[in-house]
Amino acid sequence: MADLFTHASIAVLARLYQRHPRGVATFVAGTCLPDLSRVPATLLTRLRWDLPQIPEWLCYVWAPLHLPAGIAGMSFLAACLFPEDRRKTAFVNILAGGMLHLLVDLFQTHLGLGYLLLFPLSDWDVEFGLIGSETTVLWVPFLVPLTVAAAWWRWGRRPTSPR
0 MADLFTHASI AVLARLYQRH PRGVATFVAG TCLPDLSRVP ATLLTRLRWD
50 LPQIPEWLCY VWAPLHLPAG IAGMSFLAAC LFPEDRRKTA FVNILAGGML
100 HLLVDLFQTH LGLGYLLLFP LSDWDVEFGL IGSETTVLWV PFLVPLTVAA
150 AWWRWGRRPT SPR
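Sequential numbering of the sequence shown, starting at 0, is according to numbering that gives the first Met the number 0.
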């Protein structure tokens, strides 16, 4: 959960340059989408404890949704939920958010493999290993208030009218 707050905060901070926050919501949703794709895997893994007849592959088939090819596919499907005239913009924002998510995750170190950025074309894995994956829990209490304050400063203040 802390990871979702971290990704969402970083997405908002990355979009502070925009004069108006239009499109920020889809960009932030894009940063959350890769981790939300892990929900079925987590649920199925937990169900397998009580129902071992669930095939093991069903728990792992979701992993590519956290890689560039899967993020692109999910972005396309999510963009199809928008009105036709907004789909292209939605797709670009969701995809850009997903790629930002992946970039932030590359700084983490994991047990086992890093990220297979060229999946399914290659099994070459990448990670920078600069922070632990649990570090986001420590960042949330500072990052979320900073993000709220920065967003309010940039977008929330109303211009004062001269009297």
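Backbone N, C-alpha and C define an ideal beta-carbon position, used for all residues, glycine too. Just so we're clear, the structure is a prediction, and the values are computed from it rather than from any experiment.
Quiz item: When you compare only the Cα positions, how much space is there between L3 and R85?
Solution: 25 angstroms
Quiz item: How far does the alpha helix (DSSP H) with H109 in it reach, from first residue to last?
Solution: Here H109 belongs to no alpha helix (DSSP H), and DSSP marks it neither H nor E.
Quiz item: Since A68 and F118 are thought to touch, with beta carbons under 8 angstroms apart, how far apart are those beta carbons, to the nearest angstrom?
Solution: 6 angstroms
Exercise. Assign L120 to buried or exposed, taking buried as 16 or more other Cβ atoms, counted over all protein chains shown, within 10 Å of its Cβ.
Key: exposed
Exercise. Go ahead and pull the three-state DSSP assignment for Y59.
Key: helix
Exercise. Report yes or no: do the stretch 24 to 41 and the stretch 86 to 96 share at least 3 C-beta pairs separated by less than 8 angstroms?
Key: yes
Exercise. Put G155 into one of helix, strand or coil per three-state DSSP.
Key: helix
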